[in-house]
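Residue numbers (the working numbering), protein chains in the order written: chain V, 18 to 244; chain C, 18 to 244; chain S, 18 to 244; chain D, 18 to 244; chain H, 18 to 244; chain Z, 18 to 244.
There are 6 protein chains.
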Amino acid sequence: MYELGVVYRNIKRADKAAADGLAQYGSATVHEAMGRVGLLKPYMRPIYAGVQVSGTAVTVLLHPGDNWMLHVVAEQIQPGDIVVAACTSENTDGFFGDLLATSFQARGARALVIDAGCRDVRTLTEMGFPVWSKAVSAKGTVKATLGSVNIPVVCAGMLVTPGDVIVADDDGVVCVPAAIAHETLEAAAAREANEGEKRARLASGVLGLDMYKMREPLAKAGLRYID
Amino acid sequence: MYELGVVYRNIKRADKAAADGLAQYGSATVHEAMGRVGLLKPYMRPIYAGVQVSGTAVTVLLHPGDNWMLHVVAEQIQPGDIVVAACTSENTDGFFGDLLATSFQARGARALVIDAGCRDVRTLTEMGFPVWSKAVSAKGTVKATLGSVNIPVVCAGMLVTPGDVIVADDDGVVCVPAAIAHETLEAAAAREANEGEKRARLASGVLGLDMYKMREPLAKAGLRYID
Amino acid sequence: MYELGVVYRNIKRADKAAADGLAQYGSATVHEAMGRVGLLKPYMRPIYAGVQVSGTAVTVLLHPGDNWMLHVVAEQIQPGDIVVAACTSENTDGFFGDLLATSFQARGARALVIDAGCRDVRTLTEMGFPVWSKAVSAKGTVKATLGSVNIPVVCAGMLVTPGDVIVADDDGVVCVPAAIAHETLEAAAAREANEGEKRARLASGVLGLDMYKMREPLAKAGLRYID
Amino acid sequence: MYELGVVYRNIKRADKAAADGLAQYGSATVHEAMGRVGLLKPYMRPIYAGVQVSGTAVTVLLHPGDNWMLHVVAEQIQPGDIVVAACTSENTDGFFGDLLATSFQARGARALVIDAGCRDVRTLTEMGFPVWSKAVSAKGTVKATLGSVNIPVVCAGMLVTPGDVIVADDDGVVCVPAAIAHETLEAAAAREANEGEKRARLASGVLGLDMYKMREPLAKAGLRYID
Amino acid sequence: MYELGVVYRNIKRADKAAADGLAQYGSATVHEAMGRVGLLKPYMRPIYAGVQVSGTAVTVLLHPGDNWMLHVVAEQIQPGDIVVAACTSENTDGFFGDLLATSFQARGARALVIDAGCRDVRTLTEMGFPVWSKAVSAKGTVKATLGSVNIPVVCAGMLVTPGDVIVADDDGVVCVPAAIAHETLEAAAAREANEGEKRARLASGVLGLDMYKMREPLAKAGLRYID
Amino acid sequence: MYELGVVYRNIKRADKAAADGLAQYGSATVHEAMGRVGLLKPYMRPIYAGVQVSGTAVTVLLHPGDNWMLHVVAEQIQPGDIVVAACTSENTDGFFGDLLATSFQARGARALVIDAGCRDVRTLTEMGFPVWSKAVSAKGTVKATLGSVNIPVVCAGMLVTPGDVIVADDDGVVCVPAAIAHETLEAAAAREANEGEKRARLASGVLGLDMYKMREPLAKAGLRYID
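Structure follows, in structure tokens:
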């Protein structure tokens with residue numbers, strides 16, 4: 018349930034080293050490092066491909082067809098933040114375009130994650146301001162109803178608390194709670210540590226069946242080979 | 018983000034009078050009484066029509082295609098509870114059927130709200146055990162992976178904390194945080210207080226335009242009548 | 018493209034005998050009688066089964082999450098009308114409930130067809146006020162933005178002009194332009210004239226293949242039987 | 018890949034005792050008895066609730082918006098059959114209505130399972146002819162293009178071979194290959210044998226955790242209880 | 018409701034200067050300039066990114082799985098036109114490919130907007146013939162049933178009258194009625210006039226809150242800041 | 018219905034010349050050459066554009082959220098194969114990423130077609146390993162339940178038998194049964210033989226109406242031109 022009409026100005030952002038460092042591992046590795054949780058629904062897609070980013074969440078709750086609070090959240094952005102926008106009911110209107118992106122970028126925001134639509138995607142691409150959204154739509158919005166800024170929100174099925182770390186790339190968007198950002202960074206690093214070696218072995222023709230010693234558990238589970 | 022593999026045995030349930038009393042007002046009125054927030058997504062539908070119920074939430078987090086934790090949550094049910102089940106990714110399998118319903122009913126559960134599928138709907142209807150779900154499906158599930166019980170979960174887009182009040186009927190499902198259950202009950206009662214009088218006036222032919230004094234604000238907004 | 022902020026008070030309703038008479042044939046027959054056009058998209062479903070109704074359209078254009086204009090349209094209803102509500106973008110909020118239904122019913126409306134959500138469905142069912150909608154949702158709406166009344170609208174993919182005849186039942190909703198309401202009534206009657214005889218022959222075991230003389234065209238099209 | 022323009026007149030139907038006997042167990046139990054396979058996608062829903070039926074499949078392949086082959090398949094129906102209709106691309110038109118149902122019923126068909134739309138649902142309900150479909154739609158169809166009858170088809174994601182057993186109820190539709198119909202009947206019977214006792218124990222308050230001896234494997238998997 | 022089997026040869030196209038000039042403003046600005054109406058549903062997506070185009074609509078009504086009328090409409094194309102194709106029921110088949118595109122391009126068409134599927138997207142991209150569609154699908158179509166050309170059609174939820182101006186880009190597709198094309202061009206130009214200055218101010222760090230003087234209305238609406 | 022827990026090691030692959038040769042014609046032409054059948058549902062999309070490929074199918078059946086069998090199928094891959102993965106219920110998790118792709122590529126696989134999700138799409142793009150999938154998702158999977166390898170599977174609505182030819186490009190994915198691969202290659206070649214000439218004529222301004230001699234059948238069907 019949401020508290021409406023409030024802006025929290027002081028939020029505790031996750032450790033900066035962790036918030037910055039998680040970008041290099043990408044959403045899939047980070048999601049695994051947390052035990053396969055934290056992922057926003059896969060309908061959240063980047064407006065252009067090839068970006069891999071992380072940062073601290075500032076959150077905003079919107080009403081359908083109303084982008085007033087995006088102007089309010091702009092003031093709360095600090096360099097290194099990613100804005101996470103939720104909506105009180107399903108809506109695909111274009112809440113966000115190039116003017117807001119200019120403002121967000123000027124404040125130091127790295128990206129927007131919005132559980133609704135955005136527009137001006139060609140200009141956003143040229144500006145290099147990445148957005149993960151549910152839809153692209155030219156449909157404009159009004160400025161009439163109060164939502165809130167920096168309250169915990171549910172965005173694309175995931176609870177995001179202000180200050181959490183957001184990791185986003187072509188595979189999707191993950192939310193890492195601030196309290197476990199550092200340990201998640203270490204777990205992600207550990208996961209990747211021997212990926213290069215694994216990749217080399219697989220590339221040389223070694224099978225995962227052998228590399229991961231799966232033949233015995235498969236046989237135990239009853240797998241039969243038929244010639 | 019979810020904590021996995023834990024069962025919280027002691028949760029603070031909302032005030033019982035409020036938890037029981039909200040049923041009479043139904044999801045639409047309760048949702049209005051909270052300021053139009055708290056509603057689960059409208060894809061959550063009852064398996065049979067005509068039930069209006071409320072109770073305190075015990076929560077369970079499931080993995081796709083795995084209903085093991087529904088047996089674990091059964092033990093945590095107290096009379097007057099409603100089980101709220103979330104899933105770590107989208108899934109429509111039939112996690113819940115007549116045997117689990119028998120067990121839940123024996124423990125005193127009033128209903129199940131599940132962001133996934135259920136089955137045995139004919140028997141559930143005969144038993145009078147109401148379920149709100151995303152799908153009906155005969156697809157069975159396995160019992161292999163740990164989720165959690167009584168952690169905060171996101172169910173159909175809404176954050177549900179154990180002990181919150183759930184109100185469900187043919188219009189949908191609303192979650193009322195325990196902390197505001199009592200004031201929401203009062204607000205709902207106040208909303209309904211003069212509904213009978215309003216209904217009588219509208220039934221007699223009085224227009225909402227006049228009863229709610231809308232003509233002036235409509236004119237101010239620029240509405241033009243053309244003959 | 019829509020004209021906003023206007024209410025047309027004088028619309029030309031279709032011939033009353035045709036508008037009333039089409040109900041008896043139902044949406045499937047009427048749709049066939051018009052040459053298989055005029056049907057709203059099949060996502061429009063009745064909130065309860067078993068109603069078959071027709072009437073003249075009064076139209077209303079709504080904004081997402083805003084039901085203000087439903088109060089404005091109420092005044093334009095005449096006995097025998099069916100209200101047809103379109104929305105400027107996709108929305109499933111519950112724009113319509115028991116109080117508005119009381120008012121619509123008092124004005125003589127026979128039904129509501131709304132390309133969005135409605136609520137209070139249990140009460141609407143008890144009142145016997147039928148609604149065809151895209152969704153059921155407890156989500157309330159605000160009263161802030163002007164739409165229009167009695168302009169041509171696109172509802173569930175179909176153009177509806179004020180005064181057209183709407184035919185709705187468990188199979189869906191059809192729009193019959195006022196100008197062809199009478200000839201459509203006659204065509205529908207003609208289609209049904211020998212349905213009883215056809216049904217009796219089919220019930221006796223005669224095959225459609227023979228009754229409709231399909232064997233020759235099927236053979237000509239190249240159908241082969243293999244024993 | 019489909020062979021077009023052919024009608025196979027001689028198909029090998031599954032053992033009649035098995036085909037008839039499976040109805041009593043319902044789709045969920047039969048699906049479990051086969052090892053959790055065989056289920057059509059859950060978007061296949063009955064047009065009215067409360068029917069539980071089984072029978073042997075006669076199959077038909079349709080083109081979008083064209084129901085010609087439903088007349089062809091009618092001749093191939095034998096008492097105890099269920100017609101299974103697939104479509105070469107996604108389509109929700111109303112391919113099937115009361116006249117075809119009269120013919121199918123006269124031939125002894127028990128039901129229709131169609132991966133598309135049907136119409137005249139009120140009359141079908143009155144006639145007691147059950148249909149599981151993807152949609153209800155008044156949209157009519159033409160009779161112009163050849164499909165096939167009694168070839169293997171993919172219906173709602175499942176391969177159905179003519180003569181297989183279809184089991185359908187409120188939970189969905191299952192296809193049982195003719196070759197394993199008898200053993201599936203026995204497996205289903207075995208599953209149900211001690212359901213009554215299980216239900217009684219659960220109703221008396223015994224927990225599934227104890228009845229199924231889950232406490233040890235849950236502990237071994239690492240489940241922690243927190244007071 | 019649609020008139021079937023007709024081709025209107027003489028349509029009144031919108032003023033050429035307006036039809037050509039609107040391209041430079043793009044769908045979002047034009048949609049705003051009309052008062053936030055006129056937008057086709059956001060499921061209409063370009064087959065390749067980066068095109069911004071406008072032109073006068075020639076319309077065509079298709080039946081599902083049948084592209085016969087696309088050959089008929091080709092003859093009615095004049096240089097500067099955009100073909101707008103609607104379908105009598107939902108269908109994602111590939112109605113349009115490289116041969117038709119070659120013909121449309123030879124006639125001077127600038128684009129196709131189709132509420133269904135298209136194919137040969139790689140070749141269309143190489144040819145530089147832009148298409149906005151609901152789907153991409155290799156599924157071919159037949160040539161069997163008459164639709165119509167240059168009648169008003171509903172395409173992706175919007176009424177398009179022959180001769181209207183279509184504006185399409187990466188954000189979506191807008192329809193501007195011919196009668197207001199000129200004033201919409203002026204309104205769009207006015208909207209853009211001071212965008213450069215606004216962008217410069219936002220880029221310098223000025224907040225929208227101050228630039229648009231939102232602080233007072235936000236406070237009046239009750240927004241509270243919490244430290 | 019699926020046989021579970023088996024791996025067929027010896028499958029009969031389609032004629033290599035046909036399997037290799039079909040790539041050049043693409044999915045749309047091959048689908049037409051087979052009589053407009055064989056196409057997987059259009060929700061199957063490539064993770065990057067511009068690839069046109071064909072090869073022989075090795076198949077794998079997966080359970081939702083479980084990618085164990087993808088390691089098993091890797092061993093069965095021969096150079097020139099395309100892996101076709103089906104799932105027992107709907108699931109969008111990311112079953113496949115860069116490590117499996119490295120292994121598949123080392124074994125000589127040309128592509129993956131998966132009726133579920135994949136991840137690491139940026140790396141897959143860099144590696145040049147094409148995937149057609151229903152979704153992109155960072156959601157990881159477990160390795161717990163047996164499916165099967167090289168049994169006939171239904172993938173995106175189409176039956177694929179091991180050894181069939183798969184043709185995939187930006188328009189979609191087609192399955193050509195091994196038995197008709199050669200004749201389909203010839204039919205596709207014949208279809209393309211005079212495409213160049215047709216394209217040249219259309220580019221010169223000749224209308225399809227004349228080139229395909231459609232004017233007479235259109236007139237016979239009743240098409241009327243109105244000036």
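Quick reminder that beta carbons are idealized off the backbone N, C-alpha and C, glycines included.
For Tyr242 of chain D, the pairing in a beta bridge is given by DSSP as C:Val24. Taking the C-beta atoms as reference points, Val130 of chain D is found no nearer than 8 angstroms to Leu141 of chain D. Contacts between Asn84 of chain D and chain S, judged by CB atoms closer than 8 angstroms, are missing: the closest CB pair is about 10 angstroms apart. With distances taken between CA atoms, Ala123 of chain S lies nearest to C:Ala217 out of C:Ala217, C:Ala196, C:Thr105, C:Gly43. Shown here, Arg53 of chain Z sits in coil according to DSSP, grouped into three states, outside any helix or strand. The beta-carbon of Glu107 of chain S is placed less than 8 angstroms from the nearest beta-carbon of chain V. Gly82 of chain H is not a Cβ neighbour of Val184 of chain H, given a cutoff of 8 angstroms. Residues of the region 119-135 of chain V whose Cβ lies closer than 8 angstroms to any Cβ of chain H, in chain order: Thr119, Ser120, Gln122, Ala123, Arg124, Gly134. Annotation: the continuous alpha helix (DSSP H) that includes Thr140 of chain H extends over 138-144.
Per DSSP, the continuous beta strand (DSSP E) segment holding Met175 of chain H begins and ends at 175-177. Residue pairing of Ala152 of chain D in beta bridges, as defined by DSSP: D:Gly134. The three-state reading of DSSP puts Pro147 of chain C in coil, since its state is none of H, G, I, E or B. Contact annotation: the region 203-214 of chain H touches the region 34-54 of chain H, with at least three C-beta pairs closer than 8 angstroms.
Membership of Leu79 of chain S in the beta strand (DSSP E) is indicated by the continuous run 70-79. In the displayed model, Gly189 of chain H falls within a strand according to three-state DSSP. Collapsing the DSSP output to three states places Val223 of chain C in coil. Within the region 48-70 of chain S, the residues whose Cβ lies closer than 9 angstroms to some Cβ of chain H are Met51, Gly52, Arg53, Val54, Gly55, Leu56, Lys58, Pro59, listed in chain order. Within chain V, the residues placing a beta-carbon under 7 angstroms from that of Tyr19 of chain C are Val54, ordered along the chain. The beta carbon of Asp137 of chain Z sits closer than 8 angstroms to some beta carbon of chain V. Close to chain H, meaning a Cβ-Cβ distance shorter than 9 angstroms, are the following residues of the region 154-177 of chain D: Ser154, Lys156, Val159, Ala161, Thr162. The Cβ atoms of Leu176 of chain Z and Val182 of chain D lie no closer than 8 angstroms to each other. Within chain Z, the residues Tyr242, Ile243, Asp244 have their CB atoms less than 8 angstroms from the CB of Arg26 of chain H, given in chain order. Close partners of Asp110 of chain C in chain Z (Cβ separation under 8 angstroms): Pro81, Ser106. A straight-line Cα-Cα distance of about 19 angstroms links Asp110 of chain H and Gly174 of chain H. Around Leu116 of chain C, the beta-carbon contacts reaching into chain D at under 8 angstroms are Glu212, Lys215, Arg216, Leu219, Gly225.
Taking 8 angstroms as the cut-off, the beta carbon of Val193 of chain D is found closer than this to the beta carbon of Val47 of chain D.
At the C-beta level, Leu235 of chain S and Val23 of chain D stay beyond 8 angstroms of one another. Using a Cβ-Cβ cut-off of 7 angstroms, Leu235 of chain D is close to Val89 of chain C, given in chain order. Annotation: Asp110 of chain H is outside any alpha helix (DSSP H) and is labelled neither H nor E by DSSP. Using a C-beta cut-off of 8 angstroms, the region 93-104 of chain Z makes contact with the region 64-83 of chain Z, since at least three inter-stretch Cβ pairs fall below that distance. With fewer than 16 other Cβ atoms inside 10 Å of its own Cβ, Glu214 of chain H counts as exposed. Sequence-distant Cβ neighbours of Leu21 of chain S in its own chain, meaning closer than 7 angstroms and more than five residues away, are Leu163, Gly164, Ser165.
Here DSSP, grouped into helix, strand and coil, assigns Ile64 of chain C to coil. Residue Z:Gln93 holds the alpha-carbon nearest to the alpha-carbon of Ile243 of chain V among Z:Gln93, Z:Met231, Z:Ile197. Only those residues of the region 181-210 of chain D whose C-beta falls short of 8 angstroms from the nearest C-beta of chain S would be listed, and there are none. Counting of Cβ neighbours within 10 angstroms places Glu107 of chain V among the buried residues, the total reaching 16 or more.
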